[in-house]
Amino acid sequence: MLELNKQYNFKIKDVGMNFEGIAKSDDGLTVFVPGTLKDEQVTAKIIKLNKNYALGDLKEIKEASKRRAKPVCEYYSRCGGCEAMHTDYKNTLEIKKEKVINNIKKQGLDETLVKDIYGMDKPYYYRNKVQYPMINRNGRNYVGMYEKGSHDLVNNKECYIQDETTHKVARRLFELLDKEKFVGYNEKTLTGDIRNIMVRRGIHTDEVMCVLVVTDRCFAKDSRMDKVVKEITKEYPNIKSFVLNINAKNTNVILSDENVCIFGDEYITDKIGNYTFKITADSFFQVNTLQAEVLYNLLKTEMELEKDKTVLELYSGVGSIGIYLSDAVKDIYAVEIVESAVEAAKENARINNVTNVIHVLGDATKETLKLKDEGKFFDYIVVDPPRKGLDEQGIELILELAPTKIGYVSCNSATLARDLKLLSTRYDIKEIKMVDMFPWTSHIECVCVLELKK
Ligand SMILES: C[S@@+](CC[C@H](N)C(=O)[O-])C[C@H]1O[C@@H](n2cnc3c(N)ncnc32)[C@H](O)[C@@H]1O
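Going by the working numbering, the sequence shown runs without a break in its numbering and finishes at 739.
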């Protein structure tokens, strides 16, 4: 029987959902040891113990895997940003593919359907948006990434996954705010001036947007804020937008819906492929611009679209997939539940001269039912749902509508596999491909095309 705070030797048998090594204790209990790899012999201290599993803190690697690598980042062991830097990039892709295969197998589907995984040639500095909390403890301000499983911050002077400009601008903003005696937020006392420093950059346009999440609108007229804005825009002339987001609520949600633009425009732009997108302080935009292009191209190619066909796009967000597919089909009905996303989607269609997308605000399943009752027919259905996947009624409706092809983009291969199993009663699954949108983390995006059985 394992005991808390004691050290044990383990042989790592597998790697789990979050890149943590998995071992078994002598009496068969599952033990997770983060930072370890398959086949390694390790010593770990038990720091959490319950009926179903134990958590081990890695103390020593007695026999290292051949795939073990020295993390490039000196903050890796503490920082909550990455999970996979203790192995080489190629192995992270192999592990991600294996996780998708396991989820497919669990549903009794054919694992050979899982094909290529598209990694990045240079898997660094890929995030186009940084969000650092600014906190105050005992009268001192701090900035940085959250530590793994904690509310403390790592003062990460560097970050290997964050676009270099956004990281530098965010840290410089912190210095300037600190110099002007602005106070970081204190979660316990719910006091302070600045809660978050967010910086976005258009990777193709080099336009930068700064967003400070502040607790009071009065900071928009504060002369100290003027100084900060003047200094940062002098140092970084590519800053095209500076916005204050006013969020005084006791909430974990970072942004409120109240924005005040205090410099430049309310938005910046960037491109995915040939298409331009407006990015506001609170709009969703794929954080890895280059891989978003790979993902959308893959979907478009795999779907083998025909020009006279109609598409139903569910969970359409700010409309990037619809815009991408628009020149290859007759028209697209795009359904999205968040009003501001629908407004952004309309604007994105407008600036790209896309006139064949019909935007529908509402719940994907309810709106699909309405469209079906109106007698609409769709040749293709494309879905990009949140992590929980499609709902059962939604799947039934898709099966009833019986489009000739379904394109499924998924950020969660477990719910993708569950949904594919249900859809496979009437559809052949062509293949499942993967795009690594978030190198060094456990996330993986899947693209799958299904064809109506003859
Ligand atoms: C993975 S994102 C898709 C992003 C989209 N492809 C884009 O380019 O913006 C999932 C989207 O589903 C939306 N959503 C969540 N629940 C929904 C529902 N019940 N009905 C319609 N849309 C929903 C979310 O607001 C989000 O925009």
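Glycine included, each C-beta is placed from N, C-alpha and C at the ideal position. The model shown is predicted, which means the values in this text are computed figures rather than measured ones.
Looking at 385, 737 and 294, the one whose alpha-carbon comes closest to that of residue 302 is 385.
The three-state reading of DSSP puts residue 302 in coil, since its state is none of H, G, I, E or B. Inclusion of residue 430 and residue 479 in the CB contact set at 7 Å is not warranted, their separation being larger than that value. As DSSP reads the structure, residue 370 sits in no beta bridge. Residue pairing for residue 436: DSSP places it in no beta bridge. CA-CA distance, residue 438 to residue 432, rounds to 5 Å.
Counting along the chain, no beta strand (DSSP E) covers residue 464; the unbroken alpha helix (DSSP H) around it starts and ends at 449-464. Between residue 374 and residue 319, the C-beta spacing is not below 7 Å. Remark: the shortest separation between the CB of residue 605 and any heavy atom of ligand 1 falls under 6 Å. Our two residues, residue 367 and residue 660, have alpha carbons roughly 48 Å apart in a direct line. For residue 710, no beta strand (DSSP E) run applies, since DSSP gives it neither H nor E. Its chain contains 410 as the residues whose beta carbon lies nearer than 8 Å to that of residue 449, once the 5 sequence neighbours on both sides are disregarded; these appear in chain order.
Judged by beta-carbon spacing, residue 317 lies within the 7 Å limit of residue 305, meaning their Cβ atoms are closer than that value.
Between residue 592 and residue 475, the alpha-carbon positions lie close to 56 Å from each other. Per DSSP, the continuous beta strand (DSSP E) segment holding residue 329 begins and ends at 326-334. In this structure, residue 563 places its C-beta atom within 7 Å of the C-beta atom of residue 632. At a Cβ-Cβ threshold of 7 Å, residue 345 and residue 326 do not count as neighbours. Judged by pairs of C-beta atoms under 8 Å, the stretch 498-513 touches the stretch 454-468, as three or more such pairs exist.
With a cut-off of 6 Å, the C-beta of residue 600 is classified as near ligand 1, since at least one heavy atom of the ligand falls inside that distance. Closest in C-alpha terms to residue 460, from the list 428, 580 and 441, comes 428. Per DSSP, the unbroken alpha helix (DSSP H) holding residue 679 starts and ends at 677-686. Not one heavy atom of ligand 1 falls within 6 Å of the beta-carbon of residue 482. The beta-bridge partner set that DSSP reports for residue 698 is empty.
Inclusion of residue 332 and residue 322 in the CB contact set at 7 Å is not warranted, their separation being larger than that value. Here the alpha carbons of residue 498 and residue 681 stand approximately 42 Å from one another.
Residue 641: not part of any beta strand (DSSP E); DSSP gives it neither H nor E.
Going by C-alpha positions, residue 454 is about 30 Å away from residue 581. Here the stretch 568-581 makes no contact with the stretch 521-539; the two share fewer than three CB pairs at distances below 8 Å.
Each of 730, 552 and 565 was checked against the Cα of residue 404, and the nearest Cα belongs to 730. In this structure, residue 489 sits near residue 556, with a CB-CB distance shorter than 7 Å.
Of the residues 354, 733 and 517, the one whose Cα lies closest to the Cα of residue 495 is 517.
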